[in-house]
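Keeping their order, the protein sequence lines are chains S and E.
For the first sequence, position 43 (counting from the first letter as 1) is numbered 41 according to this note's numbering, and the numbering increases by one without interruption.
For the second sequence, position 20 (counting from the first letter as 1) is numbered 23 according to this note's numbering, and the numbering increases by one without interruption.
Each residue gets a CB set at the ideal place from its N, CA and C atoms; glycine is no exception.
If you're wondering where the values come from, they're calculated on a predicted model, not measured in any experiment.
Working notes for the structure below.
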Amino acid sequence: LAKTTQPISMDSYEGQEVNITCSHNNIATNDYITWYQQFPSQGPRFIIQGYKTKVTNEVASLFIPADRKSSTLSLPRVSLSDTAVYYCLVASWAAGNKLTFGGGTRVLVKP
Amino acid sequence: KAGVTQTPRYLIKTRGQQVTLSCSPISGHRSVSWYQQTPGQGLQFLFEYFSETQRNKGNFPGRFSGRQFSNSRSEMNVSTLELGDSALYLCASSLGGQGGTEAFFGQGTRLTVV
């Protein structure tokens, strides 16, 4: 499985856009990219998933360049409740439900 | 529809004992995975069950085992508990098809070994 590298922590302010970049240099052709959010003492929650280019849903956007060696999660207009740990995962189509989590990025949103 | 349910939420056990944790997946989901989360090691994959068969396994000792029933409910067992087994144990369910299916996590079971 491709290893991911992402910043340990990031600070932001309410109403700002937060961009978290994840590096996955060894991503394979069959791998897709997924982001999860986790609040303390809760299970991770799926945010968004993509294979290439750009994906957008009601909570976030995911930008993946053509070489797919990195990806950027964009959270528009964050609020205090977006304070959480965000995990970037890369997994194979054949991996089933086996998810490999890295250290994640701790995002702190300040008032 | 109901989410993933894990029971119990909290558990305190003594070293050497064994423990069984339960996970009820979302209705219709056939895959259940288990994870251990500790401050030092983060989130680590234990194993995955799909249609009552173990499909994937992480790097944990044989003291950690699991099973899945015909209704997709899953149990995880840890024998001969050690202090280092204190952790938040999470289970996740998904439809189980290969190819990027979203995993839904439960609230977890907080296990404390004393």
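With contacts defined by Cβ atoms closer than 8 Å, S:Ser69 and S:Ile31 form a contacting pair. Of S:Asn95, S:Phe44, S:Val83, S:Gln36, the smallest CA-CA separation from S:Asp9 is found for S:Val83. Between E:Leu93 and E:Gly111, the CB-CB gap stays under 8 Å. Counting along the chain, S:Glu15 sits inside no beta strand (DSSP E), nor does DSSP assign it H or E at all. The contact set of S:Thr3 on chain E, defined by CB atoms closer than 9 Å, is empty, because the minimum CB distance reaches about 14 Å. Cβ-Cβ distances below 7 Å link S:Leu78 to Glu12, Val107, Pro109 in the same chain, with the five nearest sequence neighbours on each side left out; the list follows chain order. Between the alpha carbons of S:Thr98 and E:Gln47 lies a distance of about 7 Å.
Listed in chain order, the beta strand (DSSP E) runs fully inside the segment 24 to 107 of chain E are 34 to 41, 45 to 53, 56 to 60, 67 to 71, 77 to 81, 90 to 97, counting runs of at least 3 residues. In the structure shown, S:Leu97 falls within a coil segment according to DSSP collapsed to helix, strand and coil.
Counting C-beta pairs with one atom in each stretch, the segment 8 to 28 of chain E and the segment 51 to 61 of chain E have fewer than three that are closer than 8 Å, which means they do not touch. Rounded to whole angstroms, the gap between the alpha carbons of S:Ser72 and E:Pro28 is 30 Å. With fewer than 16 other Cβ atoms from the protein chains shown falling within 10 Å of its own Cβ, S:Lys52 counts as exposed.
By the 16-neighbour rule on beta-carbons within 10 angstroms, S:Val57 is exposed. CA-CA distance, S:Gln47 to S:Ala26, rounds to 16 Å. Look at E:Ala106: its C-beta is under 8 Å from a C-beta on chain S. For E:Glu51, at least one C-beta of chain S is nearer than 8 Å to its own C-beta. In this structure, the straight-line span from the alpha carbon of E:Val81 to that of S:Trp33 is close to 29 Å. DSSP, reduced to helix, strand and coil, places S:Ser39 outside both helices and strands of the structure shown, so it counts as coil. Contacts with chain S (Cβ-Cβ distance below 9 Å) from the segment 73 to 96 of chain E involve Leu91, Leu93, Cys94, Ala95, Ser96, listed in chain order. Nearest to E:Gln21 by C-alpha distance, out of E:Ser73, E:Ala95, E:Gly65, is E:Gly65.
For S:Gln35, not one C-beta of chain E is nearer than 8 Å to its own C-beta. Uninterrupted alpha helix (DSSP H) stretches at least 4 residues long and entirely within the segment 35 to 90 of chain S do not occur. Per DSSP, reduced to three states, the secondary structure at E:Arg113 is strand.
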